[in-house]
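Here my numbering = 1-based position in the sequence shown + 29.
All C-beta atoms in this analysis are idealised placements derived from N, C-alpha and C, irrespective of residue type, glycine included.
What follows is a short report on a single structure.
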Amino acid sequence: MIAPRTLAVLALPGVLLVSEGAGAIDAREAVAAFVARLGNPEVRDLTIEQSFTIYEPDGRHRQSSGEHRIFMKPPRRQRLEQTVDGQREIRITAGDRAWIRRPDGVTQEAPVSPRERASAAALMTGPRGPDELLAEWRALGIRTDVVSEARLRGRTVTVIGAAAGDRASPAVWLDPDVGVVRMINRESLQGMSALVDVTFSEHRRTPEALAFPWRQEIFVDGKLVALITVRAVAVNTDLPDALFDPDALRRGR
């Protein structure tokens, strides 16, 4: 069973914003090729509204549902407002620190795992070079020296981190046109090691030419545990810094 708080850590939008550098072989070549198609869009901030459903361990029956509002500012600030069954929780992450305001109004500092830090940095950044992005994937345990190809939804994608046919090793699946379409990794969930497989699909272009996934599915050890659907995305709305201020969070803002 996956808890809503765990879902909040896993539910990161699959968007890559990187800038091109020099040199290219293997994994780096695939990232650089994607960058060439992406260009260099300016993203000062990002707002995402999502609905999500959490499933029972059998992967078929719904356990609960709720909503997310996610505010992000590159490179490493995020505010996640989560409502489940009428209960609202807010989590602010700034660099290596995080704070949670619980439904009862109590605000406390929370740990930020290396995996959470690396995921947020890898999936929502300002302009970055391929080398920096690959380094962050290596921090997730992904072997960037292992590269293969696979077919996903009728398209050929580059698999960084796993050999052909390997679906158990940590890996990033990179579509040459829309970016990350799948991430596989080992997670510690409720004290146990689990294989977490997140897919990103139904990409739509924003006015800034970002290919944003409108659908995410999260599988744990092969079973569907959560479905996330995006309702709206807004880019460059000049979010106020107070949204990411832990002192303001303690005051109930």
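Checklist entry - Out of 86, 80, 191 and 273, which has the shortest C-alpha to C-alpha gap to residue 114? => result Nearest of 86, 80, 191 and 273 to residue 114, Cα basis: 80.
Item to check | Cα-Cα separation between residue 135 and residue 116, rounded to whole angstroms | outcome: Whole-angstrom Cα-Cα distance: 13 Å.
Next on the checklist: Quick check on residue 224: does DSSP put it in helix, strand or coil?
Outcome noted: In the structure shown, residue 224 sits in a strand (DSSP, three-state: E or B).
Checklist entry - Considering only residues of the same chain and omitting the five flanking positions on each side of residue 187, which have a CB-CB separation below 7 Å? => result Shown here for residue 187: same chain residues with a beta carbon closer than 7 Å to its own, the five before and five after excluded, namely 59, 176, 178 and 203 in chain order.
Next on the checklist: Check for me: the alpha helix (DSSP H) holding residue 162 runs from which residue to which?
Outcome noted: Where residue 162 is concerned, the enclosing alpha helix (DSSP H) stretches over 159-168.
Checklist entry - Does the beta-carbon of residue 199 have 16 or more other beta-carbons within 10 angstroms, so that it is buried, or is it exposed? => result Burial call: buried.
Checklist entry - Quick one, which of 141, 272, 90 and 215 has its alpha-carbon nearest residue 255's? => result When 141, 272, 90 and 215 are compared, the shortest CA-CA separation from residue 255 is found for 90.
Next on the checklist: Using only the alpha-carbon positions, how far apart do residue 137 and residue 161 sit?
Outcome noted: One C-alpha to the other measures close to 32 Å.
Next on the checklist: I'd like the ranges of any beta strand (DSSP E) spanning at least 3 consecutive residues and lying wholly in the region 165-248.
Outcome noted: Qualifying beta strand (DSSP E) stretches, in chain order: 176-181, 184-189, 200-204, 208-218 and 221-234.
Checklist entry - If we count the other Cβ atoms within 10 Å of its Cβ and call it buried at 16 or more, is residue 251 buried or exposed? => result Under this definition residue 251 is an exposed residue.
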